[in-house]
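Residue numbers (our numbering), protein chains in the order written: chain A, 1 to 151; chain B, 1 to 151.
Glycine included, C-beta positions come from ideal geometry on N, C-alpha and C.
Protein chains: 2
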Amino acid sequence: MASNDDYLRLDRQICFSLNAATRAFGGVYRTLLKDLGLTYPQYLVMLALWEAPAAEGLPVKGLGERLRLDSGTLSPLLKRLEANGLVRRERSARDERSVTVTLTAAGAALKERAVTVPQKIAQATGFELAEIEDLRERLNRLTEALDGAAL
Amino acid sequence: MASNDDYLRLDRQICFSLNAATRAFGGVYRTLLKDLGLTYPQYLVMLALWEAPAAEGLPVKGLGERLRLDSGTLSPLLKRLEANGLVRRERSARDERSVTVTLTAAGAALKERAVTVPQKIAQATGFELAEIEDLRERLNRLTEALDGAAL
DNA sequence: CGCAATTCAATTGTGCACAACTCAATCACG
DNA sequence: CGTGATTGAGTTGTGCACAATTGAATTGCG
């Protein structure tokens with residue numbers, strides 16, 4: 001039977017494995033995205049914008065919900081993207097509290113150079129697509145459980 | 001058949017799910033560890049020290065290898081732990097380049113209050129132990145593949 | 001032995017995560 | 001309509017991740 005000490009053992013910590021995998025991914029993304037001049041969180045923002053109906057853009061709040069990022073992370077990140085000429089930030093006319101983020105031509109064009117990234121990532125994992133899907137499903141379920149956990 | 005656009009779709013990104021799960025875990029750990037006055041990376045360091053042969057301590061390098069953390073992360077983290085009275089840092093007599101990290105009495109005592117953390121975490125996931133083990137194995141395999149990926 | 005290469009910890013600088021807070025715009029309710 | 005609550009973005013401060021560099025100690029090789 002497992003003792004308390006066993007539970008504390010480093011190599012049993014699921015979160016440690018999760019962190020390690022996240023950081024390993026980080027390294028691969030860093031390499032792949034260096035050419036595009038993006039960090040991984042910046043890439044996520046670009047993904048969301050590339051998916052959005054062109055020319056309409058997304059409010060900062062919408063980006064935050066989609067990417068699970070708050071304004072403390074997004075505000076400076078978006079400023080850097082703007083400084084690099086990939087997005088524009090404008091106060092919404094309808095609601096002056098809201099800021100709409102829109103792709104510039106350069107930002108939209110970058111998509112062409114990004115389309116190969118996911119395949120390269122999938123390849124680097126050494127996993128079959130179905131296995132990746134399965135893992136993704138488990139992780140999403142895990143996240144949901146953790147978010148809803150009563151502590 | 002999946003198109004390039006499909007591959008780019010946010011909800012298909014395994015890494016996004018991984019990040020989300022990592023951050024969800026972070027929130028749960030933050031809550032659980034607040035009482036102990038530890039952050040999650042600090043908790044990992046303490047786990048490693050609690051596991052080590054008592055009174056001997058571990059070199060910074062050993063901690064880094066075990067936890068996948070480099071000196072840029074560990075040095076300030078260990079200073080904070082030392083400032084909080086949980087560890088001591090001493091230059092090794094045998095090799096003056098090396099710094100040995102040892103638990104203080106307070107650091108060793110903290111283990112008693114930490115033993116319940118892993119069970120609470122396991123409970124918060126809503127997963128069976130076997131399922132956690134399975135996920136951990138997959139993640140470790142993933143990390144290994146990513147670390148070894150030729151880009 | 002003597003010196004170049006390596007090792008180890010620390011530091012610097014950039015970017016992200018998150019909590020706590022500010023401030024203005026908007027909303028809701030009496 | 002007015003006022004108190006809420007919302008949205010931004011800022012500040014702390015801590016972590018990582019790249020690049022420094023400097024001292026050690027190792028290895030001729």
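{"Query": "Please classify A/VAL175: does DSSP put it in a helix, a strand, or coil?", "Result": "In the structure displayed, chain A extends from 1 to 151; residue 175 of chain A sits before or after that span and is not available."}
{"Query": "Under the three-state reduction of DSSP, which class applies to B/ARG97: helix, strand or coil?", "Result": "coil"}
{"Query": "Using 8 Å for Cβ pairs, my map puts A/LEU63 next to A/VAL101. What's the rounded Cβ distance?", "Result": "6 Å"}
{"Query": "Of all the residues that make up the region 74-94 of chain A, which are near chain B by a beta-carbon distance shorter than 8 Å?", "Result": "none"}
{"Query": "Beta strand (DSSP E) containing B/GLU90: first to last residue?", "Result": "87-91"}
{"Query": "So, is the C-beta of B/THR100 closer than 8 Å to a C-beta in chain A?", "Result": "no"}
{"Query": "With a threshold of 16 other CB atoms inside 10 Å of the CB of B/ALA20, please say whether the residue is buried or exposed.", "Result": "buried"}
{"Query": "With three or more beta-carbon pairs closer than 8 Å as the criterion, would you say the region 75-84 of chain B touches the region 31-47 of chain B?", "Result": "yes"}
{"Query": "Closer than 6 Å by C-beta to A/TRP50: which residues in its own chain qualify, once you throw out the five before and the five after it? Chain order, please.", "Result": "LYS111"}
{"Query": "Taking Cβ positions only, does A/GLY62 come closer than 8 Å to chain B?", "Result": "no"}
{"Query": "Between A/THR22, A/ASP11, A/LEU146, which lies nearest to B/ALA124 when the distance is taken from Cα to Cα?", "Result": "A/LEU146"}
{"Query": "Work out the CA separation of B/GLU131 and A/ILE14 for me, nearest whole Å.", "Result": "11 Å"}
{"Query": "In or out: A/SER71 buried (at least 16 other Cβ within 10 Å) or exposed?", "Result": "exposed"}
{"Query": "Evaluate A/ALA109 with the Cβ neighbour count: other Cβ atoms within 10 Å of its Cβ, from every protein chain shown; 16 or more gives buried, anything less gives exposed.", "Result": "exposed"}
{"Query": "Per DSSP, what kind of secondary structure is B/LEU67 in: helix, strand or coil?", "Result": "helix"}
{"Query": "Between the Cα of B/GLU56 and the Cα atoms of B/SER92, B/VAL28, B/TYR40, B/ARG138, which residue gives the shortest distance?", "Result": "B/SER92"}
{"Query": "Are the beta-carbon atoms of B/SER98 and B/PRO59 separated by less than 8 Å?", "Result": "yes"}
{"Query": "Buried or exposed for B/LEU81, please, with buried defined as at least 16 other CB atoms from any protein chain shown within 10 angstroms of its CB.", "Result": "buried"}
{"Query": "Leaving aside the five residues before and after A/VAL28 along the sequence, list all residues of the same chain whose C-beta is less than 7 Å from its C-beta, in chain order.", "Result": "ILE121, ALA124"}
{"Query": "Just how far apart, CA to CA, sit B/LEU142 and B/LEU67?", "Result": "17 Å"}
{"Query": "Among residues of its own chain, excluding the 5 on either side of A/ALA106, which ones have a beta-carbon nearer than 8 Å to its beta-carbon?", "Result": "GLY85, LEU86"}
{"Query": "Which word fits B/LEU10, buried or exposed, when buried means at least 16 other C-beta atoms lie within 10 angstroms of its C-beta?", "Result": "exposed"}
{"Query": "Could you check which residue in A/GLN119, A/ARG89, A/ARG94, A/LEU129 has the C-alpha nearest to that of A/LEU32?", "Result": "A/GLN119"}
{"Query": "Counting only beta-carbon separations shorter than 8 Å, does A/ARG68 have a partner in chain B?", "Result": "yes"}
{"Query": "Give me the chain A residues within the contact set of B/LEU58, using Cβ-Cβ distance strictly less than 8 Å, ordered along the chain.", "Result": "Simply none; closest approach about 12 Å."}
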